[in-house]
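The structure appears below as structure tokens.
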Amino acid sequence: MLKRFIIAAVLLVVLGGGLIGFNLFRDQMIAQFLANRPVQALPVETIDVQATTWSPVLNAIGTVNAAQGVELTVEATGIVRKIGFESNAEVAQGDILLRLDDEVQRADLNAAQSQLALERLNLERALELQSRGVTANVQLDQARAAFDVASAQVARAEAVIQQRRLVAPFAGVVGLPRVDAGQHIAPGTIVATLQELDQMRVDFSLPEQALPSLSIGQGLDIRVQGDDRRFRGEIRGIDPRVDPNSRMVSLRGTVENPDRALTPGQFARIEIRLPQEDGVIALPQNAVVTSLYGDFAYVVRPSEDDADQLVVRQTFVTTGRRNNGVVEIVEGISDGDRVVSAGQNRLSNRAPVTLANTTTPQVAQ
């Protein structure tokens, strides 16, 4: 019985040792095969880096407003007797847009005018009597003072009537009427809006770092949703104070609007072009890879072991400004380098590559 047990144990040890030896031999042969197998070169698209001319652009978002725009309201309480405009009508400065009930005020004006006529006659009689020397100066002074008071009363009555009329303060386009004839309204009630649309303004903000690059009269481009055109304008105002909460500075630009394509309240994108800079290194944004360790790009160079073989080197870069899909490279890439622009997701440092095609990056002007 013991002899059988010993024989079984020996057979088990021999079998286990054979399996372990076979696995070790297999792993060694696989390692030798992979070590001797050449690494497959990956095809990549590249660009030849050249120093170029950079056209810096400051981008902002803002709101389009009319050069002159107000919400019209009345100065007095009363009942609307007449609305003198229609929606979207062109009005001239001084046009009467709305009139309130003014019968009582007109009666006061008639009374004041009658009193003024009487005081004028009294003053004329006093002047005639004073020229004959039959009246005292004090009586003439009283007549002149009464005439002045009557004149002031007429002027006051006329001003009260004028307050019951809504007059266009400037020429423009009037909006929708918000009141109806016969409605009782009070001061502060908005009757309509009036916008002067031939010239528009755009209000926007930029970071305080942009202040040294801004000046009055500087050109800007304005774009709005649904319109591919660029509207040319210029900076007309720069707030002398930076907002301490947002660290932004407020600006205002003006733009001509001859075809009324711009409408007050529209969302606008603003571009301010700065002077061109020469000798700038720039790459398409897809050539720069962002990682937790920083931005980098793959630079194609000859292999140290085989001059005929190309490999890529992972090169960390410092980026700067961005404009229309192009990023400025402040440090890491030099003029004349060949950089991978497509296929980076399959690459690693020192990986062999072949060139599919090579182009030169272009900076949008």
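Here the sequence shown stands for residues 0 to 364, where the numbers follow numbering that gives the first Met the number 0.
All C-beta atoms, glycine included, are put in the ideal place defined by N, C-alpha and C.
* Asked: Where does Leu23 sit, in a helix, a strand or coil, going by DSSP?
  -> Along the sequence shown, read from residue 1 onward, the residue named residue 23 stands at position 24. Helix, per DSSP.
* **Cβ neighbour criterion (16 or more within 10 Å) applied to Leu33** => As a working mapping, residue 33 is identified with position 34 in the sequence shown. For Leu33, the predicted model reports a pLDDT of 48, less than 50, meaning its position is unreliable and no value from the coordinates is stated.
* Asked: Between the C-alpha atoms of Gly319 and Pro301, what's the straight-line distance to the nearest angstrom?
  -> Start at 1 with the first residue of the sequence shown, and residue 319 comes out as number 320. Start at 1 with the first residue of the sequence shown, and residue 301 comes out as number 302. Approximately 28 Å between the Cα atoms of the pair.
* Using DSSP bridges, identify the partner residues of Ser204. => As a first step, residue 204 must be located in the sequence shown, where it is residue number 205. Paired residue(s): Ser249.
* When the Cα atoms are used, what is the spatial distance from Gln161 to Asp101? -> Position 162 of the sequence shown, counted from the first residue, corresponds to residue 161. Position 102 of the sequence shown, counted from the first residue, corresponds to residue 101. About 9 Å.
* Asked: Do you know whose CA, among Pro55, Gln182, Gly171, Asn356, lies nearest Gln198's CA?
  -> The residue given as residue 198 occupies position 199 in the sequence shown. The residue with the shortest Cα to Cα distance from Gln198 is Gly171.
* **Through-space distance from Leu282 to Asp258, alpha-carbon basis** => Here residue 258 is taken as the residue at index 259 of the sequence shown, counted from 1. Here residue 282 is taken as the residue at index 283 of the sequence shown, counted from 1. Those two C-alpha atoms are separated by around 40 Å.
* So, helix, strand or coil for Ser302, using DSSP? -> Along the sequence shown, read from residue 1 onward, the residue named residue 302 stands at position 303. It is coil, neither helix nor strand.
* **Nearest neighbour of Ile237, chosen from Glu207, Phe266, Val279 [CA to CA]** => Sequence index remark: in the sequence shown, residue 237 carries index 238 (1-based). That would be Glu207, whose Cα lies nearest to the Cα of Ile237.
* Asked: Identify the residues that DSSP records as bridge partners of Leu282: which are they?
  -> In the sequence shown, counting from the first residue as 1, residue 282 sits at position 283. Partner(s): Val326.
* Expected contact under 8 Å - CB spacing of Gly77 and Arg143 to nearest Å -> In the sequence shown, residue 77 corresponds to position 78, counting from 1. In the sequence shown, residue 143 corresponds to position 144, counting from 1. The pair is not a contact, with the Cβ atoms about 36 Å apart (cut-off 8 Å).
* Any beta-carbon of chain B closer than 8 Å to the one on Thr262? -> This model lacks chain B altogether; it includes just one protein chain.
* Starting from the N-terminal side, write out each stretch of the beta strand (DSSP E) that is 3 residues or longer and does not extend beyond the stretch 53-110. => 56-72, 77-82, 95-99
* Asked: Using DSSP with H/G/I as helix, E/B as strand and the rest coil, what is Val153?
  -> On the sequence shown, position 154 is the one that residue 153 refers to. The answer is helix: DSSP assigns Val153 an H, G or I state.
* Return the CA-CA distance between Val316 and Asn323, expressed in angstroms with no decimal places. => Indexing the sequence shown from 1 puts residue 316 at position 317. Indexing the sequence shown from 1 puts residue 323 at position 324. Cα to Cα, the separation comes out at about 19 Å.
* Distance between Leu14 and Ile5 (C-alpha atoms, nearest Å) -> Taking the first residue of the sequence shown as position 1, residue 5 is located at position 6. Taking the first residue of the sequence shown as position 1, residue 14 is located at position 15. When rounded, the distance between both Cα atoms is 14 Å.
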